[in-house]
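Notes follow the structure.
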Amino acid sequence: MAQLSLWIGIAALIFLQNVSAFNLVCYFTSWSQYREAPAGFVTDDIEPDLCTHLIYAFANISGNQITHYEWNDATTYENLRGLKTRNPKLKILLSVGGAKLGSAPFRNINTSPATRSEFVASVISFLRTNNFDGLDVAWNEPSQNDKRHLVKLVQDLNVAFRYEARRNPERQNLILSVAVPAGKEAIDNGFDIQNIARFADFLNVLSFNFHGYWPDHSHPYTGHGSPLRKSRADRGSASAYNVDYAIRYLKTKGAPTRKIIMGIPTYGQTFTLSSVQTGVGAPASGPGLAGTFTKSAGTLAYYEICSFNHGATKENIEEQQVPYSYKGNQWVGYEDETSVQIKVQYAKNNNLGGIMIWSLDQDDFSGTFCKKGNYPLLAAIKNELNK
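Quick look at the structure:
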């Protein structure tokens, strides 16, 4: 009986450790502060108990040094530190890179081991000076020739982080995450997943933007940006345009399951319909109209979608387990409280390392638009995680 009780206790401990290890990683962007009220997002809008990790996007690279991007980043960094007084367990990371920065600065720091070492040293100094807990590497679309340089950069950061912590036992090891794409072609082209995963603490999978009205007009019909599963109509390469395929493919490329953080968008992909058809695969003549606050054709923040849905027809794509809405000639595929809970269930059932959202500032963070309380999508995710 005593031995049985011991094993039950050990099993319970393992279960609790697994639950506590499930990360909820939340990006937020520097440019969201410039949106018109009430959509402008600042650090005061962050509720520090909702996420396990916050990632601030983005830092810049100048020469071989990491540096701030926004004019008021120093104030933002200080305000982020203040969040820890309310939740000491919160981990706050700084993301470097992004689409706007591009690949050139990353290539420059990888010119030689010396330039890479200079960058790594600047990262440690910058993170410690500004009291960040770690770094997120967001090298956008590295080429085949960049592939080994990305691995070497992540390896050097890992080694330097560990060495710095050993020399300073009072400090915790800096965390290292890497943003990785979900598209098969992008993965194959620029990401050596197995070796990146050896040195990163976790991988933030950008499992969205599978469909959209792209500038090259290669996708002139409606489709959901983040379907959980493929549809029966998907053929050939289109069979890979879903979250489930991406997660399974990353595993085959060597990503440990517990290091995979599955991304969920808090925005939707929009289209302008060009016929009376309104379903998935309906012809489109262009991206949807720009949102009132986000002002970018082709996407709407969730709070803008809540406004759009007044008077719109809402449908559910049963086989892909995500919703869409249409009104007039405008069409949007997005996440709602039900679809994000289904995705959390998927992540838990597949023993993934957690959920990532892009981004806090596109959820209805103030509860103004959707009338469902603050952060309705994030709250639904967290509630499902806690079940």
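As numbered in mature numbering (1 follows the signal peptide of the UniProt record, and there is no 0), residues -21 to -1, 1 to 366 make up the sequence shown, in order. Even glycine gets a Cβ: it sits at the ideal position worked out from N, Cα and C. Just so you know, these numbers come straight off a predicted model, no measurement behind them.
Go to residue i, then tell me how far its beta strand (DSSP E) extends in each direction, as first and last residue.
{"i": "Q44", "result": "Q44 to T46"}
{"i": "H32", "result": "H32 to S41"}
{"i": "Q309", "result": "Q309 to G312"}
{"i": "V75", "result": "K70 to G76"}
{"i": "N183", "result": "F181 to L185"}
{"i": "Y303", "result": "V301 to K306"}
{"i": "A158", "result": "I154 to P160"}
{"i": "Y13", "result": "Note, Y13: premise wrong, no beta strand (DSSP E); not H, not E."}
{"i": "F250", "result": "Y246 to L252"}
{"i": "W337", "result": "G333 to W337"}
Grab me the residues of residue i's own chain with a C-beta within less than 6 Å of its C-beta, minus the 5 sequence neighbours each way, in chain order.
{"i": "P262", "result": "Y200, S253 and S254"}
{"i": "L339", "result": "C5 and F7"}
{"i": "T292", "result": "Y305"}
{"i": "F98", "result": "N43 and I88"}
{"i": "L(-18)", "result": "With a pLDDT of only 39 at L(-18), under the threshold of 50, the placement of this residue in the model should not be trusted; the figure read from the coordinates follows. Correct list: empty, nothing qualifies."}
According to the neighbour-count rule (16 or more other Cβ atoms, all chains shown, within 10 Å of its Cβ), is residue i buried or exposed?
{"i": "Q123", "result": "exposed"}
{"i": "R95", "result": "buried"}
{"i": "F(-7)", "result": "At F(-7) the pLDDT is 37, less than 50, meaning the model places this residue with poor confidence; the figure from the coordinates comes in the next sentence. When all chains shown are included, F(-7) counts as exposed."}
{"i": "W337", "result": "buried"}
{"i": "T31", "result": "buried"}
{"i": "T108", "result": "exposed"}
{"i": "W193", "result": "exposed"}
{"i": "S264", "result": "exposed"}
{"i": "D115", "result": "buried"}
{"i": "A(-11)", "result": "Note that A(-11) has pLDDT 38, beneath the 50 cutoff, so the model's placement of it is unreliable and the number below is only indicative. Burial call: exposed."}
{"i": "S216", "result": "exposed"}
{"i": "I(-14)", "result": "For I(-14), the pLDDT reaches just 38, beneath the cut-off of 50, and the residue's location in the model is therefore unreliable, leaving the point undetermined."}
{"i": "D118", "result": "Here residue 118 is Trp; the residue named in the question, Asp, does not match the sequence. Classification for W118: buried."}
{"i": "N365", "result": "exposed"}
{"i": "H289", "result": "exposed"}
{"i": "A219", "result": "buried"}
{"i": "D125", "result": "buried"}
{"i": "residue 368", "result": "A question about residue 368 goes unanswered here, because the residues of the chain that appear run from -21 up to 366."}
{"i": "S9", "result": "buried"}
{"i": "K68", "result": "exposed"}
{"i": "N110", "result": "exposed"}
{"i": "A83", "result": "exposed"}
In chain order, what residues of the same chain lie with their CB nearer than 8 Å to the CB of residue i, ignoring the 5 residues before and after it?
{"i": "T273", "result": "R14, A18, Y246, L279, A280, E283 and Q341"}
{"i": "T347", "result": "P17 and Y282"}
Which of the three DSSP states is assigned to residue i in this structure?
{"i": "S286", "result": "helix"}
{"i": "G61", "result": "helix"}
{"i": "N362", "result": "helix"}
{"i": "D115", "result": "strand"}
{"i": "V216", "result": "The question names Val, yet the displayed sequence has Ser at residue 216. Looking at S216 - three-state DSSP - the assignment turns out to be helix."}
{"i": "A280", "result": "strand"}
{"i": "P266", "result": "strand"}
{"i": "Y192", "result": "coil"}
{"i": "Q123", "result": "helix"}
{"i": "A(-11)", "result": "Note that A(-11) scores 38 on pLDDT, short of 50, meaning its location in the model is unreliable; the coordinates nonetheless yield the value given after this. Helix."}
{"i": "Y354", "result": "coil"}
{"i": "L3", "result": "strand"}
Starting from residue i, follow the alpha helix (DSSP H) in both directions and report where the run begins and ends.
{"i": "E26", "result": "It is not in any alpha helix (DSSP H) - E26 carries neither H nor E in the DSSP assignment."}
{"i": "S104", "result": "P92 to T108"}
{"i": "Q320", "result": "E316 to N328"}
{"i": "L136", "result": "K126 to R146"}
{"i": "K163", "result": "K163 to G169"}
{"i": "A83", "result": "A83 to I88"}
{"i": "Q173", "result": "I172 to F178"}
{"i": "T292", "result": "No alpha helix (DSSP H) holds T292; the beta strand (DSSP E) holding it covers T292 to I296."}
{"i": "L229", "result": "V222 to T231"}
Spatial neighbours of residue i within its chain, please: CB distance less than 7 Å, with the 5 preceding and 5 following residues excluded, ordered by chain position.
{"i": "G233", "result": "I172, Q173 and A176"}
{"i": "N362", "result": "none"}
{"i": "A269", "result": "S275 and A276"}
{"i": "F344", "result": "F20, D24, N353 and Y354"}
{"i": "I239", "result": "L182, V184, I226, L229, L331 and G332"}
Of all Cβ atoms in chain C, is any one closer than 8 Å to the Cβ of residue i?
{"i": "N362", "result": "In the displayed structure, chain C is absent; only one protein chain is listed."}
Give a single yes or no on whether residue i has its beta carbon closer than 7 Å to a heavy atom of the ligand ZN.
{"i": "A219", "result": "This structure does not include the ligand ZN; it has no bound ligands of any sort."}
### Task
Mind the definition here: the region 150 to 159 touches the region 200 to 217 only if three or more C-beta pairs lie below 8 Å; say whether that holds.
The region 150 to 159 vs the region 200 to 217: no contact.
### Task
Would you be able to state if there are at least three C-beta pairs under 8 Å between the region 302 to 313 and the region 234 to 250?
At 8 Å Cβ cutoff, the stretches touch.
### Query
Counting pairs of Cβ atoms below 8 Å between the region 293 to 300 and the region 24 to 35, do you hit three or more?
Here the region 293 to 300 makes no contact with the region 24 to 35; the two share fewer than three CB pairs at distances below 8 Å.
### Message
With a threshold of 8 Å, are at least 3 pairs of Cβ atoms found where one atom belongs to the region 222 to 241 and the other to the region 156 to 166?
### Response
The region 222 to 241, when compared against the region 156 to 166, does touch it at the 8 Å Cβ threshold.
### At least 3 beta-carbon pairs within less than 8 Å: the region 191 to 200 vs the region 167 to 179
No, the region 191 to 200 does not touch the region 167 to 179.
### Task
Tell me, please, whether the region 38 to 45 touches the region 67 to 84 by the rule of three or more beta-carbon pairs shorter than 8 Å.
Inter-segment contact for the region 38 to 45 and the region 67 to 84 is present: three or more beta-carbon pairs are separated by less than 8 Å.
### Message
Tell me whether the region 88 to 106 and the region 132 to 152 touch, counting them as touching only if at least three CB pairs, one residue from each stretch, are closer than 8 Å.
### Response
The count of Cβ pairs closer than 8 Å, one atom from the region 88 to 106 and one from the region 132 to 152, reaches three, so the stretches are in contact.
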